[in-house]
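Trainee: The structure's right below; bear with me while I get my questions together.
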Amino acid sequence: MMRIRPRTLVIGAVLAVPVAFFAWRMLRPLQIFVIGKHFERPVSTTAAPAVLGTLGARRCGACHQADYREWKTTMHARAWTDPYFRADWRHEGREQICRNCHTPLDRQQPRLVVGFHGGDKWDPILKPNPHFDPALQHQGVTCAACHLRDGKILGPYGPTQIRAPHPVAKFSDPNELCVRCHVVP
35 MMRIRPRTLV
45 IGAVLAVPVA
55 FFAWRMLRPL
65 QIFVIGKHFE
75 RPVSTTAAPA
85 VLGTLGARRC
95 GACHQADYRE
105 WKTTMHARAW
115 TDPYFRADWR
125 HEGREQICRN
135 CHTPLDRQQP
145 RLVVGFHGGD
155 KWDPILKPNP
165 HFDPALQHQG
175 VTCAACHLRD
185 GKILGPYGPT
195 QIRAPHPVAK
205 FSDPNELCVR
215 CHVVP
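The number in my numbering is simply the position in the sequence shown, starting from 1, with 34 added.
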């Protein structure tokens, strides 16, 4: 009769634990990001001023030409079409949550989050979006994604400082435009 040595059992156990852990992680990947409340859903555009029409950057560029030219050269403009993001997104299983930064407007997403299965923010309940605009989606982080809040365009000037064809509001802190996405938990 063959007897198993205690040393062999210890080595087997030490090797079995990491193998089991990595096998489990292959089935249920480890999520390293915590999804904050502001990442749960895209930016709502329901209160967008009608005068804006489309929420595309080109529309903003009609008045804000220098800003539009600059935006076209940025990673914001390529947030959705960037090949590195697209490859990573496909590799990671096309997580819905990634859309909320790379296509942050509700009109940029073909399906909208209406809740979460068991409260798990990595497992959203989705419904078709009747206002989905594929052309807008390809613009990535467009002007309205950062500047449109509560039906007003946020910027460095308030309503008494500038005459604009749309409602404006002065941001209290310039960083408030960036912090929605540029935050690390």
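Idealized CB from N, CA, C, for every residue including glycine.
Hey, could you find the ends of the alpha helix (DSSP H) F119 is sitting in?
Mentor: Counting along the chain, the alpha helix (DSSP H) containing F119 begins and ends at P117 to H125.
Trainee: Which residue wins for smallest C-alpha separation from P138, given the options L49, K204, C97 and A111?
Mentor: Cα-wise, what sits closest to P138 is A111.
Trainee: Check for me: the alpha helix (DSSP H) holding R103 runs from which residue to which?
Mentor: Where R103 is concerned, the enclosing alpha helix (DSSP H) stretches over Q99 to K106.
Trainee: Which same chain residues, not among the five before or five after D167, have their C-beta less than 6 Å away from its C-beta?
Mentor: So the qualifying residues of the chain are R141.
Trainee: What first and last residue would you give for the beta strand (DSSP E) that runs through I187?
Mentor: Where I187 is concerned, the enclosing beta strand (DSSP E) stretches over K186 to G189.
Trainee: Can you tell which of I196, E129, T194 and E210 has its C-alpha closest to the C-alpha of R183?
Mentor: The candidate whose alpha carbon is nearest that of R183 is E210.
Trainee: If I'm right that V85 touches H200 with Cβ under 8 Å, what's the distance once you round it to whole angstroms?
Mentor: Their Cβ separation, rounded to whole angstroms, is 5 Å, which keeps V85 and H200 in contact under 8 Å.
Trainee: Could you please give the first and the last residue of the uninterrupted alpha helix (DSSP H) stretch that includes P168?
Mentor: Start and end: P168 to Q171.
Trainee: Just the Cα atoms here: how many angstroms apart are C97 and G70?
Mentor: Cα to Cα, the separation comes out at about 34 Å.
Trainee: Using only the alpha-carbon positions, how far apart do L239 and A50 sit?
Mentor: Nothing about residue 239 can be reported from this structure: the residues present for the chain run from 35 to 219 only.
Trainee: Nearest-angstrom Cα distance between D122 and E129?
Mentor: If you take the alpha carbons of D122 and E129, they lie about 10 Å apart.
Trainee: What would DSSP say about G149, mapped onto helix, strand or coil?
Mentor: Residue state, collapsed to three classes: strand.
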